[in-house]
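S.K.: This is the structure I have questions about; it appears just below.
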Amino acid sequence: ELKVEQNPLFLSMQEGKNYTIYCNYSTTSDRLYWYRQDPGKSLESLFVLLSNGAVKQEGRLMASLDTKARLSTLHITAAVHDLSATYFCAVEGAETSYDKVIFGPGTSLSVIP
Amino acid sequence: DTEVTQTPKHLVMGMTNKKSLKCEQHMGHRAMYWYKQKAKKPPELMFVYSYEKLSINESVPSRFSPECPNSSLLNLHLHALQPEDSALYLCASSSPPGRLLSGANVLTFGAGSRLTVL
Numbered sequence: 141e142l143k144v145e146q147n148p149l150f151l152s153m154q155e156g157k158n159y160t161i162y163c164n165y166s167t168t169s170d171r172l173y174w175y176r177q178d179p180g181k182s183l184e185s186l187f188v189l190l191s192n193g194a195v196k197q198e199g200r201l202m203a204s205l206d207t208k209a210r211l212s213t214l215h216i217t218a219a220v221h222d223l224s225a226t227y228f229c230a231v232e233g234a235e236t237s238y239d240k241v242i243f244g245p246g247t248s249l250s251v252i253p
Numbered sequence: 004d005t006e007v008t009q010t011p012k013h014l015v016m017g018m019t020n021k022k023s024l025k026c027e028q029h030m031g032h033r034a035m036y037w038y039k040q041k042a043k044k045p046p047e048l049m050f051v052y053s054y055e056k057l058s059i060n061e062s063v064p065s066r067f068s069p070e071c072p073n074s075s076l077l078n079l080h081l082h083a084l085q086p087e088d089s090a091l092y093l094c095a096s097s098s099p100p101g102r103l104l105s106g107a108n109v110l111t112f113g114a115g116s117r118l119t120v121l
């Protein structure tokens, strides 16, 4: 069974600081996704990582994928309050017979002034 | 049109009621999904309708039943629900490239239907 873990689950950080969120998954997969969810809202796609060594950047967020370690990271640079949200990584299991995207538990990020 | 539309946005129902949640997309996506999300938890996959084939998460109780009238609609019929079924129900759609093809299966989510069962 595909399992997806994230740490930390809760993160409170000051504006201007850097931090990394980690996502580990239990099975072979070459498709990893990061989503953002604001409180009371739906999810929106942030990054798609499709191969070992893939790196994507958007503003203050950078995501990377190491398929051999089954690890993805989401790095936050010089955090600002607008980044406060819950961040989910999601993985598609390579062995499933249908398109099953499984989400990690989420990291609730709070950026404080 | 790059939206997934869900109706209703809010639904309150008793345990003996029968109701439906509706989801529609006009992006030409070949897969549609229902996820259930409890507060401060990740979305849990309930059903996938992909390339005209329905797949079910076996842990989902039979009081939830999906219906796919056509490739742009995916309904979720609710019957005899329990209070613990109260949650945010999220519909999503995508164009999965399939196992043998490279490419991404990015989900586009609707705004959600918040269900309260009394």
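Those protein sequence lines, which keep their order, are chains A and B.
For the first sequence, this note's numbering gives the first residue as 141, with consecutive numbering after it.
For the second sequence, this note's numbering gives the first residue as 4, with consecutive numbering after it.
Glycine included, every Cβ here is placed at the ideal spot set by N, Cα and C.
1) Where does residue 29 of chain B sit, in a helix, a strand or coil, going by DSSP?
2) Alpha carbon to alpha carbon, what distance is there between residue 59 of chain B and residue 199 of chain A?
3) Taking the Cβ atom as the reference point for each residue, do residue 15 of chain B and residue 111 of chain B lie within a distance shorter than 7 Å?
4) What residues of chain A sit near residue 110 of chain B, judged by a beta carbon separation below 9 Å?
5) Three-state secondary structure (DSSP) at residue 206 of chain A?
6) Beta-carbon within less than 6 Å of residue 248 of chain A's beta-carbon, same chain only, minus the 5 sequence neighbours each way: which residues are those?
7) Using a threshold of 7 Å, state whether the C-beta atoms of residue 173 of chain A and residue 183 of chain A are closer than that.
8) Is residue 237 of chain A buried or exposed, if buried means 16 or more other CB atoms sit within 10 Å of its CB?
9) Given that a residue counts as buried once 16 or more other Cβ atoms are within 10 Å of its Cβ, and exposed if not, what is residue 80 of chain B?
10) Given this structure, state the Cα-to-Cα distance separating residue 163 of chain A from residue 85 of chain B, to the nearest angstrom.
11) In the structure shown, what three-state DSSP assignment does residue 148 of chain A receive?
12) So, for residue 54 of chain B: in the same chain, excluding its five sequence neighbours on each side, which residues have a beta-carbon less than 6 Å away from its beta-carbon?
13) Taking CB distances under 7 Å as the criterion, tell me whether residue 42 of chain B reaches chain A.
14) Helix, strand or coil for residue 11 of chain B per DSSP?
15) Let me confirm a value: residue 108 of chain B is counted as buried when at least 16 other C-beta atoms fall within 10 Å, else exposed. Which label applies?
16) Per DSSP, which residues does residue 70 of chain B bridge with? Please list them.
17) Is it true that the CB of residue 91 of chain B sits closer than 7 Å to the CB of residue 117 of chain B?
18) Is any heavy atom of the ligand COA found at a distance shorter than 6 Å from the C-beta of residue 11 of chain B?
19) Looking at the unbroken beta strand (DSSP E) that takes in residue 251 of chain A, where does it start and where does it end?
20) Which partner residues of residue 176 of chain A appear in the DSSP bridge assignment?
M.R.: Considering the structure as presented:
1) Looking at residue 29 of chain B - three-state DSSP - the assignment turns out to be coil, as it is neither helix nor strand.
2) Rounded to whole angstroms, the gap between the alpha carbons of residue 199 of chain A and residue 59 of chain B is 38 Å.
3) Not closer than 7 Å, so no.
4) Within chain A, the residues near residue 110 of chain B are 173, 175, 183, 185, 230 and 241.
5) Strand.
6) In its chain, beyond the 5 residues on either side, 150 and 226 have a beta carbon closer than 6 Å to the beta carbon of residue 248 of chain A.
7) Not closer than 7 Å, so no.
8) Annotation note: pLDDT 47 at residue 237 of chain A (below 50); position unreliable, no value reported.
9) Result: exposed.
10) In a straight line, the C-alpha of residue 163 of chain A is about 33 Å away from that of residue 85 of chain B.
11) Look at residue 148 of chain A here: in three-state DSSP terms it is coil, with no helix or strand label.
12) Same-chain partners within the cutoff: 33.
13) It does not; no Cβ of chain A falls within 7 Å.
14) Residue state, collapsed to three classes: coil.
15) Around the beta-carbon of residue 108 of chain B, 16 or more other beta-carbon atoms lie within 10 Å, marking it buried.
16) Looking at the DSSP assignment, residue 70 of chain B forms a beta bridge with B:78.
17) In contact: residue 117 of chain B and residue 91 of chain B (Cβ atoms closer than 7 Å).
18) Here there are no bound small molecules, and the ligand COA is not part of this structure.
19) Here the beta strand (DSSP E) through residue 251 of chain A covers 247–252.
20) For residue 176 of chain A, the beta-bridge partners assigned by DSSP are A:184 and A:227.
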